[in-house]
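Below is one structure, written out as structure tokens; the observations come after it.
There are 2 protein chains.
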Amino acid sequence: MATLAPATPKGDAVASDRILRAATGLFCERGYHGTSVRTLARVLRLETASLYYHFPSKQEILFAILDRTLDDLLDGLRRAVAAADGAEQRLRAAVRYHVLFHAHRRQEAFVSHSELRSLTPGHLRRVVAKRDQYEDVFRGLLTAGVRGGVFQVPDVKLTAAAILSMCTGVALWFSEGGRLAPEAIAGRYVEIIVRSVDRRGKGPRS
Amino acid sequence: MATLAPATPKGDAVASDRILRAATGLFCERGYHGTSVRTLARVLRLETASLYYHFPSKQEILFAILDRTLDDLLDGLRRAVAAADGAEQRLRAAVRYHVLFHAHRRQEAFVSHSELRSLTPGHLRRVVAKRDQYEDVFRGLLTAGVRGGVFQVPDVKLTAAAILSMCTGVALWFSEGGRLAPEAIAGRYVEIIVRSVDRRGKGPRS
DNA sequence: ATACCTATCGAACGATCGTTAGGTTACCGG
DNA sequence: CCGGTAACCTAACGATCGTTCGATAGGTAT
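Right, dumping it as structure tokens:
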């Protein structure tokens with residue numbers, strides 16, 4: 019199984035990691051523009067000026083969150099897909115990984131989707147490039163399945179976007195103490211998606 | 019077919035509608051907290067103070083956008099569902115309407131989802147109540163289909179959330195001049211979703 | 001002891017925030 | 001021609017914004 023926890027090995031993190039974690043929580047809850055540097059500092063029991071020892075600006079904090087999250091997401095996806103064989107199993111692994119990531123690392127995932135618009139143009143370009151790579155993996159999986167006669171997908175680009183929207187939505191409502199555990203949710207989502215792309219499904223006109 | 023255009027009949031709108039339209043665009047692009055009242059006024063070629071003749075506060079502008087959008091959304095959905103017969107046709111109509119709404123009124127739909135967190139607690143409560151009603155319609159459609167033996171859905175609540183996430187995602191990427199027209203997208207989404215809930219789909223274990 | 005580096009602090013900068021008070025214009029019914 | 005009202009204006013309020021400056025405490029190496 020791929021790693022889902024953040025990359026910090028030790029119990030208490032480096033100062034910059036503490037900042038990023040607190041910022042992720044606040045950006046998730048109130049948004050980037052809705053969170054002041056003073057509020058972030060107060061949560062960390064620091065003075066405002068101290069933050070600027072670790073990060074040159076508020077914008078760089080946001081970028082660091084998104085950049086790390088996208089790296090982990092893309093890296094984990096490639097691992098998960100590489101560990102599976104066959105088009106259907108690969109798609110199952112990809113969907114499962116995506117859902118688990120969005121459940122376990124809900125705040126980071128949510129911020130990474132909701133605060134794209136708060137990025138500086140240069141930062142946005144870099145983040146979007148990684149997100150496109152991520153989407154390309156899913157398109158590749160669908161295309162492979164279609165070529166292999168396992169899937170029936172009329173429009174690969176559209177279907178990939180639909181699948182990702184659906185799975186990413188988990189980050190909007192998932193709650194740790196909720197009715198369903200991440201693994202259970204992932205299992206359901208895998209079934210829903212595999213059904214919808216399976217060759218043996220019903221045709222376009224009933 | 020249900021009405022998808024905003025309720026303003028005349029070519030040039032009332033002042034408050036002009037404000038709401040401009041605010042929707044800005045809130046969609048930069049977010050609520052990322053949009054200043056002065057920016058909104060400049061776009062409208064008004065002075066800042068003039069806005070306060072039409073709305074008592076910035077917060078009320080946001081609420082008006084979300085409240086109207088949710089009303090239109092819920093009203094249109096009920097119309098669309100009522101015009102169809104049978105569980106599958108009703109679900110098709112609901113999905114189609116939802117996708118068309120999120121394509122045609124992309125900005126309002128996007129703001130209604132992304133700026134929930136910027137609402138005052140009291141306003142949030144009212145908006146969430148309407149959103150829950152909306153989701154209940156979809157749950158009801160799925161439940162009816164399961165009872166009627168048309169659908170096979172192991173978890174209605176989860177599936178409804180998944181379907182709505184998927185369709186709502188259209189508002190994130192839809193572009194008016196894009197490759198696919200709203201009707202084409204809606205058609206694809208209907209097929210994807212109907213396939214995934216159809217009784218005759220593959221079982222949970224291949 | 002001295003020099004240095006890391007991490008923090010108090011205090012303040014100019015800019016911008018949402019909002020308000022009070023005045024001005026244009027039109028409309030009588 | 002007049003009173004009233006709708007729609008807008010200029011100007012400013014106190015608060016908060018992101019950021020910077022210079023100082024300081026504690027640890028480590030020389």
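As you go down the protein sequences, you meet chains A and B in turn.
For the first sequence, my numbering begins at 19 and goes up steadily by one.
For the second sequence, my numbering begins at 19 and goes up steadily by one.
No residue lacks a Cβ here, since even glycine has one placed at the ideal position from N, Cα and C.
Computed from a predicted model, the values in this text were never measured in an experiment.
> With a cut-off of 8 Å, do at least 3 Cβ pairs link the stretch 98–109 of chain B to the stretch 187–198 of chain B?
Replying inline: Touching, no.
> Helix, strand or coil for B/Asp216 per DSSP?
Replying inline: Start at 1 with the first residue of the second sequence, and residue 216 of chain B comes out as number 198. Looking at B/Asp216 - three-state DSSP - the assignment turns out to be strand.
> What first and last residue would you give for the alpha helix (DSSP H) that runs through B/Phe119?
Replying inline: As a position in the second sequence, residue 119 of chain B is number 101, starting the count at 1. Per DSSP, the continuous alpha helix (DSSP H) segment holding B/Phe119 begins and ends at 105–122.
>> Could you check whether B/Gly163 and B/Glu209 sit closer than 8 Å to each other, using their CB atoms as the reference points?
In response: Your numbering for residue 209 of chain B matches position 191 in the second sequence. Your numbering for residue 163 of chain B matches position 145 in the second sequence. The Cβ atoms of B/Glu209 and B/Gly163 do not sit closer than 8 Å to each other.
> Relative to the alpha-carbon of B/Gln125, which residue among B/Val155, B/Leu84, B/Lys148 has its alpha-carbon at the smallest distance?
Replying inline: Locating residue 125 of chain B in the second sequence gives position 107, counting from the first residue. Nearest C-alpha to B/Gln125: B/Leu84.
> Do you know offhand how far B/Ala82's Cα is from B/Leu134's?
Replying inline: If you number the second sequence from 1, residue 82 of chain B lands on position 64. If you number the second sequence from 1, residue 134 of chain B lands on position 116. Looking at the two C-alpha atoms, the distance is approximately 12 Å.
> My guess is that A/Ser130 and B/Met184 are in contact by the Cβ rule of under 8 Å, so how many angstroms apart are they, rounded?
Replying inline: As a position in the first sequence, residue 130 of chain A is number 112, starting the count at 1. As a position in the second sequence, residue 184 of chain B is number 166, starting the count at 1. Rounded, the Cβ-Cβ distance is 19 Å, inconsistent with contact.
>> Any beta carbon of chain B sitting closer than 8 Å to that of A/Leu159?
In response: Taking the first residue of the first sequence as 1, we reach residue 159 of chain A at position 141. Judged by the 8 Å Cβ criterion, A/Leu159 is not in contact with chain B.
> How big is the Cα-Cα spacing for A/Ala59 and A/Thr161?
Replying inline: For the purposes of this step, residue 59 of chain A is taken as the residue at position 41 of the first sequence. For the purposes of this step, residue 161 of chain A is taken as the residue at position 143 of the first sequence. Cα to Cα, the separation comes out at about 48 Å.
> How would you list, in chain order, the residues of chain B whose beta-carbon sits under 9 Å from the beta-carbon of A/Ser136?
Replying inline: Walking along the first sequence from the start, residue 136 of chain A turns up at place 118. Correct list: Arg48, Gly49, Gly52.
> chain A beta carbons: is any one of them nearer than 8 Å to that of B/Pro139?
Replying inline: Within the second sequence, residue 139 of chain B is the residue found at index 121, counting from 1. The beta carbon of B/Pro139 does not come within 8 Å of any beta carbon belonging to chain A, so the residue lies off that interface.
> With a CB to CB cut of under 6 Å and the five nearest residues on each side skipped, what residues in its chain are close to B/Arg223?
Replying inline: As a first step, residue 223 of chain B is located in the second sequence; it is residue number 205 there, counting from the start. Low confidence applies to B/Arg223: its pLDDT is 39, below 50, so where it sits in the model is not reliable, and the reading given next is rough at best. If you ignore the 5 residues before and after B/Arg223, its C-beta comes within less than 6 Å of no other C-beta in its own chain.
>> What would DSSP say about A/Phe169, mapped onto helix, strand or coil?
In response: In the first sequence, the residue the question calls residue 169 of chain A occupies position 151. Correct three-state label for A/Phe169: strand.
> At a CB-CB cut-off below 9 Å, which residues of chain B make contact with A/Asp150?
Replying inline: On the first sequence, residue 150 of chain A is found 132 positions in, with the first residue counted as 1. Neighbours of A/Asp150 on chain B: none; closest Cβ ~12 Å, over 9 Å.
> If you measure from the beta carbon of B/Lys76 to each beta carbon in chain A, is any gap under 8 Å?
Replying inline: Reading the second sequence from its first residue, position 58 is the one you call residue 76 of chain B. Answer no: the Cβ-Cβ gap between B/Lys76 and chain A never drops below 8 Å.
>> Helix, strand or coil for B/His72? Go by DSSP, reduced to three states.
In response: Walking along the second sequence from the start, residue 72 of chain B turns up at place 54. B/His72 sits in a helix when the DSSP states are folded into three classes.
> Relative to the C-alpha of A/Ala179, which residue among B/Thr186, B/Asp173, B/Lys175 is closest?
Replying inline: Stepping through the first sequence from its first residue, residue 179 of chain A is reached at position 161. Ranking the options by Cα distance to A/Ala179, first place goes to B/Thr186.
> For B/Leu80, which of helix, strand or coil comes out of DSSP?
Replying inline: Position 62 of the second sequence holds residue 80 of chain B. In the structure shown, B/Leu80 sits in a helix (DSSP, three-state: H, G or I).
> Alpha carbon to alpha carbon, how far is A/Lys76 from A/Arg56?
Replying inline: Taking the first residue of the first sequence as position 1, residue 76 of chain A is located at position 58. Taking the first residue of the first sequence as position 1, residue 56 of chain A is located at position 38. Cα-Cα distance, rounded: 11 Å.
> On the premise that B/Tyr50 lies in contact with B/Ser136, defined as a C-beta separation below 8 Å, what is that separation, rounded to the nearest angstrom?
Replying inline: To locate residue 136 of chain B, count along the second sequence from 1; it is residue 118. To locate residue 50 of chain B, count along the second sequence from 1; it is residue 32. Contact between B/Ser136 and B/Tyr50 holds, with the beta-carbon distance rounding to 4 Å and staying under 8 Å.
> Can you give the Cα-Cα distance for B/Leu91 and A/Ala121, rounded to whole angstroms?
Replying inline: For this step, residue 91 of chain B is matched to residue 73 along the second sequence. For this step, residue 121 of chain A is matched to residue 103 along the first sequence. Looking at the backbone, the Cα of B/Leu91 and that of A/Ala121 are separated by about 28 Å.
>> For a test of the three-state rule: what should DSSP assign to B/Ser54, helix, strand or coil?
In response: To locate residue 54 of chain B, count along the second sequence from 1; it is residue 36. Note: B/Ser54 maps to coil in three-state DSSP.
>> Please identify the residue among A/Leu80, A/Ala112, A/Arg213 whose C-alpha is closest to the C-alpha of A/Thr138.
In response: Along the first sequence, one-based indexing puts residue 138 of chain A at 120. Comparing Cα positions, the closest option is A/Leu80.
> In its own chain, which residues sit with a C-beta less than 7 Å from the C-beta of B/Val4, not counting the 5 before and 5 after it?
Replying inline: Outside the shown range of chain B, which is 19 to 224, sits residue 4 of chain B, and nothing can be said about it.
> When you compare only the Cα positions, how much space is there between A/Leu142 and A/Arg36?
Replying inline: Numbered from its first residue, the first sequence carries residue 142 of chain A at position 124. Numbered from its first residue, the first sequence carries residue 36 of chain A at position 18. Roughly 24 Å between the two C-alpha positions.
>> Residues of the stretch 68–96 of chain A in Cβ contact with chain B at a cutoff of 7 Å, in chain order, please.
In response: Taking 7 Å as the Cβ-Cβ cut-off against chain B, none of the residues of the stretch 68–96 of chain A qualify.
>> Less than 8 Å between the beta carbons of B/Leu44 and B/Val32, yes or no?
In response: Within the second sequence, the letter at position 26 stands for residue 44 of chain B. Within the second sequence, the letter at position 14 stands for residue 32 of chain B. B/Val32 sits away from B/Leu44, with the two beta carbons spaced by 8 Å or more.
> How many angstroms separate the CA atom of B/Tyr70 from the CA atom of B/Phe169?
Replying inline: The residue labelled residue 70 of chain B in the question sits at position 52 within the second sequence. The residue labelled residue 169 of chain B in the question sits at position 151 within the second sequence. Approximately 52 Å, taken between the alpha carbons.
>> If the criterion is Cβ atoms closer than 8 Å, does the pair A/Gly219 and B/Arg213 meet it?
In response: To locate residue 219 of chain A, count along the first sequence from 1; it is residue 201. To locate residue 213 of chain B, count along the second sequence from 1; it is residue 195. Yes. Within cutoff.
> Per DSSP, what kind of secondary structure is B/Arg144 in: helix, strand or coil?
Replying inline: In the second sequence, residue 144 of chain B corresponds to position 126, counting from 1. DSSP places B/Arg144 in helix when its eight states are reduced to three.
> Hey, how far is the Cα of A/Ala111 from the Cα of A/Ser132?
Replying inline: Your numbering for residue 111 of chain A matches position 93 in the first sequence. Your numbering for residue 132 of chain A matches position 114 in the first sequence. Using only the alpha carbons, I get a separation of about 25 Å.
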